[in-house]
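Protein chains in written order, with the numbering used here: chain B, 332 to 560; chain Z, 3 to 387; chain S, 109 to 253. Report on the following structure.
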Amino acid sequence: MNGNDHLIEIQDLGREYMAGDTTVSAIKEMSFFIDDGEFVSIVGQSGAGKSTLLAALGGLNRPTRGNVWVDTMDLYGLSSEQRADFRSEYVGFVFQSYQLITYLTAMENVKIPLSIAGVKKEDQADMAAVALEKVGLQDKKNRLPDQLSGGEQERVAIARAIVNRPPIVLADEPTGNLDSKTADDVINLLKQLNQEGQTVIMVTHNKKLCQHTDRTVHVRDGLCVIGEG
Amino acid sequence: MKLYNISLNNLRRRKGKVIFLVSGLLIGIATIVTLISITQSMSRDVEDRLDRFGANIVMTPRSENLSLSYGGISVGGVTYETVEFLESDLTNIRSIKNSQNLGIIAPKVLGPWELDGKRVLLMGADLQTELSLKTWWQFKGMPTGNPDELIVGSETARIFNLALGQSMKLGNDEFVVSTILHPTGGPEDGIIMGDLHRFQNVLGKPGRISMVEISAFCRGCPISEITLQIAEKFPNAKVTALKQAVMSKMQSIEMIKSFSYGVAVLVIFIGSLLVFVTMMGSVNERTREIGIFRAIGFRQGHIMQIILLEALVVGLIGGILGYLIGNGIAWLAIPFIIQESTLSHLDVTLGGVSLILSVALSLLASLYPAVKASRMDPSSALRAL
Amino acid sequence: MAYDLEKYRDKREKVLGVRKKGISFGVWAATVSAIIIVGLISMVAPKSIAYFTTRNLDDVIYKLSGDQSWPQDVIHTIATLKGIKYAVADKDGARLVVTFDRSITDIDSLSSFFKENGYHAVLLNVVSHRQRVQTEREEAELETL
């Protein structure tokens with residue numbers, strides 16, 4: 332792989348941490364690619380390295396070795412400011428446990444990515460409204476996060492991730508804290524985004540969710556195996 | 003949605019922390035404003051006196067004085083020789099180089115007198131000249147211009163039960179109380195004034211003068227030069243421009259001002275330290291939040307801007323409240339410090355300086371926390387999620 | 109299928125074209141704040157320092173009897189006495205202004221010096237040094253008006 336053939340390419344990726352005096356390998360060696368418009372799940376047990384991999388794909392976690400290319404750009408060859416701009420332009424994050432800003436309303440949370448994207452105030456309102464409508468929460472736009480249910484918060488988080496129409500959506504355990512009905516709703520939402528053209532990469536420990544995705548990357552002990560969805 | 007919306011919303015939510023932050027700055031600014039307002043009022047009080055008396059010069063006989071001190075502790079002194087002036091020598095005053103600047107020359111004779119078993123100070127002067135010199139005197143009755151009239155101070159009139167029109171004998175001479183002064187707060191409250199030459203006789207000091215008050219025509223006159231020229235004519239006299247005496251009081255005010263600045267700097271330093279510590283705590287608490295912002299694509303500069311905008315708002319609130327509270331405290335304190343004085347107005351310049359100082363300190367104190375927040379590794383911040 | 113390089117060209121150019129434009133907000137804030145604080149200190153500190161360095165200084169003005177001028181050697185000698193900062197005659201040479209530190213010496217010592225050396229010096233005035241300098245400045249301004 333040379334970084335020019337796919338939307339995302341990972342080659343010989345490795346990530347080690349120091350835990351006291353011990354070196355911990357979160358990722359031992361991974362190489363794979365993801366094409367534009369794919370819906371990929373990254374599956375593995377807790378501690379397998381899934382979230383570390385997702386963070387590396389999002390330009391948040393510099394690997395100890397190896398390369399990550401996104402849209403032909405060597406992600407970790409960019410400066411810190413360039414990587415911040417990369418995240419603003421290319422990536423929508425859906426975190427584990429939603430991670431909404433508690434003192435901002437649903438609408439204001441969704442607008443956060445727009446506040447640094449140079450979008451005019453009037454356009455911000457329209458774009459945020461569209462995103463909230465897509466997740467079915469237009470009528471709860473003025474509620475604070477602690478006034479929303481878990482599922483609703485997850486949907487606000489998805490709305491925030493997609494408001495800027497990023498090419499890539501990175502979702503870390505998006506259904507982890509939800510009941511099955513709400514989890515299905517969220518998965519359907521992610522599928523819909525993918526059908527509309529966004530590349531969705533979802534980390535999960537639930538193998539059953541893989542049936543909804545195009546491909547699955549199985550992660551175990553810092554290594555990966557690519558399989559079909 | 004702009005970055006300042008994030009800052010303002012955060013401050014709105016964390017009211018307790020905001021109160022803490024603002025208090026630190028508020029106390030420092032209020033301290034400075036209080037101290038400066040008080041010293042400004044004191045200076046203004048001195049300048050008012052300068053306006054009223056500044057063109058006056060007082061000439062008194064130079065007395066030989068033995069100063070007493072024990073191990074560096076001064077216990078005053080002993081005056082052992084005072085030679086009063088001859089009235090005939092006073093014409094030399096008008097012979098100085100700057101004589102055209104001289105206005106009224108008011109010689110006086112002073113001496114103690116026993117009246118009804120109590121001692122009172124008699125002052126002989128040209129009463130018409132005296133009245134034209136002391137324009138701030140207010141009185142009951144009307145000066146007649148007669149040599150047998152008396153002008154009595156308010157306190158003396160009360161002690162000796164003197165009334166207008168009352169006659170009294172001093173020595174071999176009869177006098178009539180024509181005027182009683184309203185209280186002035188000055189030495190005239192405790193004296194009896196009469197015609198210069200009549201009192202010279204009463205006191206047994208014919209042709210003697212105890213002191214001379216001289217007024218200059220204009221405020222822009224070289225008072226210090228006039229003072230020196232008169233001193234040259236009267237080597238045995240102590241010639242003092244009242245401006246000089248008033249200015250010495252300014253020296254004390256300068257000392258208080260310098261001390262005040264020192265105290266204020268200390269208080270402000272502590273206030274800034276409080277802001278610094280609180281902001282650092284706030285940044286540590288917001289690790290998760292900062293991680294989210296960085297993951298969304300906020301640059302280091304954006305994070306700094308959010309923190310510094312919060313500091314700016316805190317600085318503004320602290321500056322405004324500090325200024326208002328400082329003025330309030332000064333308004334309450336000034337009547338106790340300066341007699342018959344109040345805080346006359348709010349100094350707008352001081353308000354501007356307070357605000358700018360508060361904002362500048364808040365920003366500087368928050369700079370390191372802002373830098374620390376912006377340099378937080380997003381992946382470490384996210385591990386906190 | 110070959111990867112379509114054109115699809116996200118705008119975004120790519122935006123990311124790669126990022127240059128640090130001008131001075132960051134933090135640097136601005138720090139610089140302006142520092143200038144303000146330094147400015148305020150520079151307004152207050154010199155006066156306070158001047159006050160502390162001159163707070164013990166008094167000026168005493170003498171004249172020689174008989175309208176004589178002060179000899180230069182006497183002025184130099186006085187200037188070397190303990191506690192004396194300056195000794196300067198006025199432009200006519202008739203008056204001598206001696207600036208002394210009242211925590212070290214006093215007028216009586218000067219008077220003794222004059223008596224011992226046979227000079228009949230008439231004391232004209234004693235005034236705080238700062239006050240005399242300020243008054244001189246004010247009166248000079250008035251003269252020029």
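For each residue, glycine too, the CB sits at the ideal point set by N, CA and C.
Chain B has a Cβ within less than 8 Å of the Cβ of residue 304 of chain Z.
Per the coordinates, the alpha-carbon of residue 180 of chain S lies some 13 Å from the alpha-carbon of residue 205 of chain S. Note on residue 102 of chain Z: under 16 other CB atoms within 10 angstroms of its CB, so exposed under the neighbour-count rule.
Considering only Z:157, Z:43 and Z:112, the residue with the shortest C-alpha distance to residue 341 of chain Z is Z:43. Boundaries of the beta strand (DSSP E) around residue 363 of chain B: 353 to 365. Chain Z has a Cβ within less than 8 Å of the Cβ of residue 132 of chain S. Counting C-beta pairs closer than 8 Å gives fewer than three between the segment 205 to 213 of chain Z and the segment 135 to 143 of chain Z, which falls short of the contact rule. About 7 Å separates the Cβ atoms of residue 483 of chain B and residue 471 of chain B, confirming a contact at the 8 Å cut-off. When C-alpha distances from residue 65 of chain Z are compared across Z:199, Z:151 and Z:241, the shortest belongs to Z:241. Secondary structure note for residue 217 of chain Z: it is in no alpha helix (DSSP H), and the uninterrupted beta strand (DSSP E) holding it is 213 to 218. In terms of Cβ geometry, residue 240 of chain S and residue 167 of chain S form a close pair [threshold 8 Å].
The continuous stretches of beta strand (DSSP E) do not include residue 509 of chain B, and DSSP gives it neither H nor E. With fewer than 16 neighbouring CB atoms inside 10 Å of its own CB, residue 219 of chain Z falls in the exposed class.
Residue 37 of chain Z and residue 262 of chain Z do touch by the CB rule: their CB atoms are close to 4 Å apart, below 8 Å. Between residue 411 of chain B and chain Z, the shortest Cβ-Cβ separation is below 8 Å. Burial state of residue 343 of chain B is exposed, judged by a 10 Å Cβ sphere holding fewer than 16 other Cβ atoms.
Taking 3 residues as the minimum length, the beta strand (DSSP E) runs contained wholly in the segment 130 to 175 of chain S are 165 to 172, in order along the chain.
Considering only Z:273, Z:115, Z:362 and Z:116, the residue with the shortest C-alpha distance to residue 146 of chain S is Z:362.
Using a Cβ-Cβ distance cut-off of 8 Å, the segment 455 to 469 of chain B and the segment 330 to 344 of chain Z are not in contact, since fewer than three pairs of beta carbons, one from each stretch, lie closer than that value. Secondary structure note for residue 321 of chain Z: its alpha helix (DSSP H) is the uninterrupted segment 302 to 339.
Note that the segment 492 to 503 of chain B touches the segment 419 to 438 of chain B; at least 3 beta-carbon pairs, one per stretch, sit closer than 8 Å. In this structure, the beta-carbon distance from residue 345 of chain Z to residue 336 of chain Z falls below 8 Å. About 4 Å separates the beta carbons of residue 205 of chain Z and residue 113 of chain Z, which is inside the 8 Å limit, making them a contact pair. Around the beta carbon of residue 480 of chain B, a 10 Å sphere encloses fewer than 16 other beta carbons of the protein chains shown; the residue is thus reported as exposed.
Burial check for residue 24 of chain Z: the Cβ neighbour count within 10 Å reaches 16 or more, so the residue is buried. Within the same chain, 340, 400 and 403 come within 6 Å of residue 334 of chain B by CB-CB distance, once the 5 residues on both sides are set aside. A straight line joining the alpha-carbon of residue 223 of chain Z with that of residue 247 of chain S spans about 8 Å. Within the segment 101 to 180 of chain Z, the runs of alpha helix (DSSP H) at least 4 residues long that lie entirely inside it are, in chain order, 129 to 135 and 156 to 162.
Neighbours of residue 392 of chain B in chain Z, taken as residues whose beta carbon is under 7 Å from its own, are 381 in chain order.
When S:203, S:201, S:207 and S:154 are compared, the shortest CA-CA separation from residue 195 of chain S is found for S:207. Assignment of beta-bridge partners to residue 549 of chain B by DSSP yields B:374 and B:556. The Cβ neighbour count for residue 495 of chain B, taken over all protein chains shown within 10 Å, is at least 16; the residue is labelled buried. For residue 403 of chain B, the nearest CB of chain S lies under 8 Å from its own CB, placing it at the interface with that chain.
Approximately 7 Å separates the beta-carbon atoms of residue 230 of chain Z and residue 203 of chain S; this is inside 8 Å, confirming the contact.
Rounded to the nearest whole angstrom, the CA to CA distance from residue 125 of chain S to residue 155 of chain S is 52 Å.
Nearest C-alpha to residue 468 of chain B among B:361, B:535 and B:520: B:520.
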